[in-house]
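Worksheet: one structure, shown below.
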Amino acid sequence: MSGDASHPTDCSEVLGRLYEYLDREMPDGDCAKFQEHIDECSPCLEKYGLEQSVKKLVKRCCGQDDVPADLRSKVLGRIEAIRADEAGDPAVGGRVPPAEGP
1 MSGDASHPTD CSEVLGRLYE YLDREMPDGD CAKFQEHIDE CSPCLEKYGL
51 EQSVKKLVKR CCGQDDVPAD LRSKVLGRIE AIRADEAGDP AVGGRVPPAE
101 GP
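Each residue of the sequence shown is one higher than the last, beginning at 1 in full-length UniProt numbering.
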């Protein structure tokens, strides 16, 4: 059924981006296209159901642990430092591009 007239979206594309779809991280237009494919394609629907169940199980079993405050602070500080470095902000430790030669 991949990419035929009844399923213009290829199964490999749907399965390759399944977690993006499950996590609601794709644009609405793509989301609608994927939902239509999943509704009409039983192998993709089966894989979708399995992956959705795994995500729910992981969330139920592992989603209750609190993150230590110091770890959270370190991670957020590291993210900020990386962003500043990419932006070239010397006040936060970012790189300044070298000056042009004479």
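No residue lacks a Cβ here, since even glycine has one placed at the ideal position from N, Cα and C.
All figures in this text were calculated on a predicted structure; none of them were measured in a lab.
**Asked** Can you list, in chain order, the residues of its chain whose CB lies under 6 Å from that of residue 35, leaving out five sequence neighbours each side?
**Response** Listed in chain order, the non-local C-beta contacts of residue 35 below 6 Å within the same chain number zero, local neighbours out to five positions each way being set aside.
**Request:** Classify residue 67 as helix, strand or coil using the three-state DSSP reduction.
**Result:** DSSP places residue 67 in coil when its eight states are reduced to three.
**Prompt:** Do residue 47 and residue 18 come within 8 Å of each other at the CB atom, strictly closer than that value?
**Reply:** Result yes, Cβ atoms of residue 18 and residue 47 sit closer than 8 Å.
**Prompt:** Ends of the alpha helix (DSSP H) at residue 41?
**Reply:** Where residue 41 is concerned, there is no enclosing alpha helix (DSSP H), given that its DSSP letter is neither H nor E.
**Cutoff 8 Å; reference residue 51; Cβ partners in own chain excluding five residues on either side** = If you ignore the 5 residues before and after residue 51, its C-beta comes within less than 8 Å of the C-beta of 18, 19 and 22, all in its own chain and listed in chain order.
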